[in-house]
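Colleague: Structure in structure tokens, see below.
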Amino acid sequence: MDEKSNDRIRVMKIVNRSQYNDEAIDQVDMSDLDLSFSDLSEVMARRIMAKRVVLRASSLMRAAFHDCDFELADFRSCNLEEINMADCRFGEADFSKANMKYAKINISSCFETRFDEVDFSHGELVGTILNHATFRHANLSGIDAEQADCTGTDFSGANLTDGKFEKAHLENVNLSEVDARNANFTEADFIGAILLNGDFTEADFTGAKLDNVVWTGANVEGAKFDENVKEQVLKMI
0 MDEKSNDRIR
10 VMKIVNRSQY
20 NDEAIDQVDM
30 SDLDLSFSDL
40 SEVMARRIMA
50 KRVVLRASSL
60 MRAAFHDCDF
70 ELADFRSCNL
80 EEINMADCRF
90 GEADFSKANM
100 KYAKINISSC
110 FETRFDEVDF
120 SHGELVGTIL
130 NHATFRHANL
140 SGIDAEQADC
150 TGTDFSGANL
160 TDGKFEKAHL
170 ENVNLSEVDA
180 RNANFTEADF
190 IGAILLNGDF
200 TEADFTGAKL
210 DNVVWTGANV
220 EGAKFDENVK
230 EQVLKMI
């Protein structure tokens, strides 16, 4: 049995003991391990080092992670429903097609992280840095992303209905062909954003910064803007 296999067995024994005793895991290194198809549901962990860990198709339902490093980790097709992650690092990690309903990734760093085609409905990204992340064709219905930094993020084709983006940084963001009906963008910064062919029916842009925004083909029927702003927007559609 090779060293990696031994390390996987060692880590899974720690995980299983944590699940059985309802105890938190602290300062375990699982970097570079292949833990695909594993059951880590309801695990509680802090200060985990998990760079490049492969968790593809694993279950982490209702797990909790605090101050952990998942840089370049593979979460593709995982079940992350109701997971709670805070103060974690996910640079260039891949969550594509994961189930993230009611998941929380708050006050964390997600530089260039992939969330393409995830179901992140009714989740939380409060205060999280998502610079140049991708959420292409993701379901973010009911998401709470208040004060999130989404500079340069790609949301093209995503469902943002009823999403909360108050005071979010959305500079140079790609919101092409999104469904953002009833979304709350109050006081958000949209400078340089692309809203091409997006549906923003009944969305709230009150107090938002809208300089150099591309509105071509966007639907803003019933949307709220500061006084005299909507007239200017309609001229650019």
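If you're matching positions, the sequence shown starts at 0 in numbering that gives the first Met the number 0 and goes up one per residue. Cβ atoms here follow ideal geometry from the backbone N, Cα and C, with glycine treated the same way.
Got a sec, what are the start and stop residues for the beta strand (DSSP E) residue 45 sits in?
Modeller: It spans 43-45 - the beta strand (DSSP E) in which residue 45 sits, taken as one unbroken run.
Colleague: Going by the CB atoms, is the gap between residue 135 and residue 157 shorter than 8 Å?
Modeller: yes
Colleague: Threshold first: 3 residues or longer. Then list the beta strand (DSSP E) segments lying entirely within the region 20-84, N to C.
Modeller: 23-25, 43-45, 63-65
Colleague: Check whether the Cβ atoms of residue 166 and residue 186 lie closer than 8 Å to each other.
Modeller: yes
Colleague: Quick one: residues in its chain with C-beta nearer than 6 Å to the C-beta of residue 111, no 5 flanking neighbours on either side, listed in chain order?
Modeller: Within the same chain, residue 111 has close Cβ partners 91, 131.
Colleague: Look at the alpha carbon of residue 36 and the alpha carbon of residue 56, and state the distance between them as a whole number of angstroms.
Modeller: 5 Å
Colleague: Measuring CA to CA, which of 183, 32, 170 is closest to residue 223?
Modeller: Measuring from the Cα of residue 223, the nearest candidate turns out to be 183.
Colleague: Applying the 10 Å Cβ sphere with the 16-neighbour rule, what's the burial state of residue 107?
Modeller: Counting the other Cβ atoms within 10 Å of the Cβ of residue 107 gives 16 or more, which makes it buried.
Colleague: Taking C-alpha atoms, which residue in 67, 102, 95 lies nearest to residue 80?
Modeller: For residue 80, the nearest C-alpha among the options comes from 102.
Colleague: Could you please give the first and the last residue of the uninterrupted alpha helix (DSSP H) stretch that includes residue 234?
Modeller: Start and end: 228-235.
Colleague: Counting only runs of 3+ residues fully inside the region 166-206, write out the beta strand (DSSP E) ranges in chain order.
Modeller: none
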